[in-house]
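Encoded as structure tokens, the structure appears first; notes follow it.
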Amino acid sequence: MHPRSFALSLLVLSLAAVNAKACSSCGCTLNSDWVSQGLDSKPGFALDLRYDFIDQTALREGNGSATAPAIPAAEEVEQRTTNRYITATLGYNPNRAWGFSVVLPYLDRSHSTIVDGDTDITTSHTRSLGDIKVMARYQGFSTDGDSGLIVGLKLPTGSRDFRFNGGPQAGTDLDRSLQPGTGSTDLIIGGFRTGSLNRDWDWYAQGLVQAPVKIRDEFRPGAVFSVNGGFRYMALTRWEPQVQVNALERRPDGGANGDAATSGGRSFYVSPGLAYTPGKKLSVYGFVQLPVVQHVTGLQLAPRWSAAVGVSTHFN
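Those letters in the sequence shown? Residues -22 to -1, 1 to 294, by mature numbering (1 follows the signal peptide of the UniProt record, and there is no 0).
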């Protein structure tokens, strides 16, 4: 068992959830916490680069699939939202009990929709840095560091002024929930626990809450509650097969610029993955996330699958 290897990546890499309508029903809770075993908990610096692909093509309402209403419709009918995230996480551990990190996301999102009353598709394409997260964790409760607390802030650094660039609504403001930044300062609190089933199998469990404590422009993003758990197989020399379960609840957005009727939802995913460690200071990983349960508020797009690949390294 290598409990200390979970700490930093538990802290930062599970926090990829994006506070946007585009991901209120998608698999944004994927946790790449075990991929850098023995790297991230050591004193010194760690760097993780991760690419997420989330293609929302399934129209859903409540617990099931939905049929698009006849156009023109009395409500907006989203057509497709394709999300690509590149996330850089820089961490620093002054010792084995404490760790600090900064999470910097870059967003590339294309979106198409038919606004209520329109007959043609309106489109947008957003490329921008998102909201930065600053995180800290403490795992000094025991000598083996098998449990810890997480606390952090999401800062309002992302842009909020993108507009639709094609179709009948071109030039109008993009929905606040689709902007790279929410404009809010969010508090993040959570905890984790790790352990061993036997010499070949390790497990982890983690819970996180993210909620806005300061908002701007009459938009309050919905609070996010996530629970993740998983197992990894340790008997192979360089390869680590893994499987996760990821549960997410996101409350509807609020405020005058929030759309409570078509935001928020609950999701449950199974996420098989594989990590490869070619050397002591490098790890490469990949995951596929498959939905088991998707419940959305109103009419929303959800992914049929999503994926993540990344690389982690440690340096003094």
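Cβ atoms here follow ideal geometry from the backbone N, Cα and C, with glycine treated the same way.
By alpha-carbon distance to Ser137, the top candidate from Tyr263, Gly42, Val202, Gly161 is Gly161.
Within the region 35 to 78, the runs of beta strand (DSSP E) at least 3 residues long that lie entirely inside it are, in chain order, 55 to 71. The way I'd put it, the region 32 to 50 doesn't touch the region 75 to 86; fewer than three beta-carbon pairs between them come closer than 8 Å.
Secondary structure of Arg216 (DSSP, three-state): coil. As a beta-bridge residue in DSSP terms, Phe31 pairs with Arg62, Ala285. Inclusion of Arg216 and Tyr263 in the CB contact set at 9 Å is not warranted, their separation being larger than that value. The alpha carbon of Gln220 has as its nearest neighbour, out of Ala238, Asp178, Pro256, the alpha carbon of Asp178. About 5 Å separates the beta carbon of Leu85 from that of Pro158, a gap short enough to meet the 8 Å contact definition. In the three-state scheme derived from DSSP, where H, G and I count as helix and E and B as strand, Thr91 is classed as strand. DSSP places Ala239 within a helical segment (H, G or I) once states are collapsed to three. Inter-residue distance for Pro199 and Ser290 is about 30 Å (C-alpha atoms, whole angstroms). Taking the Cα positions, Gln222 is about 12 Å away from Tyr211.
In the assembly as shown, Leu277 is a buried residue. Its beta-carbon has 16 or more other beta-carbons within 10 Å. Ranked by how close their Cα comes to the Cα of Ala66, the residues Phe293, Asn294, Gly288 have Gly288 in first place. In this structure, the CA atom of Thr59 is about 22 Å from the CA atom of Val248. Between Glu56 and Leu37, the CB-CB gap stays under 9 Å. Only residues of its own chain outside the window of five on either side were considered, and among them Gly200, Ala201, Gly242 have a CB closer than 6 Å to the CB of Arg229, listed in chain order. Leu226 sits close to Ser245, with the two beta carbons spaced by under 9 Å. With contact defined as three or more Cβ pairs closer than 8 Å, the region 145 to 152 and the region 93 to 100 are in contact. Within the same chain, and ignoring the five residues on either side of Thr97 in sequence, the residues whose Cβ sits closer than 7 Å to its Cβ are Ile49, Pro50.
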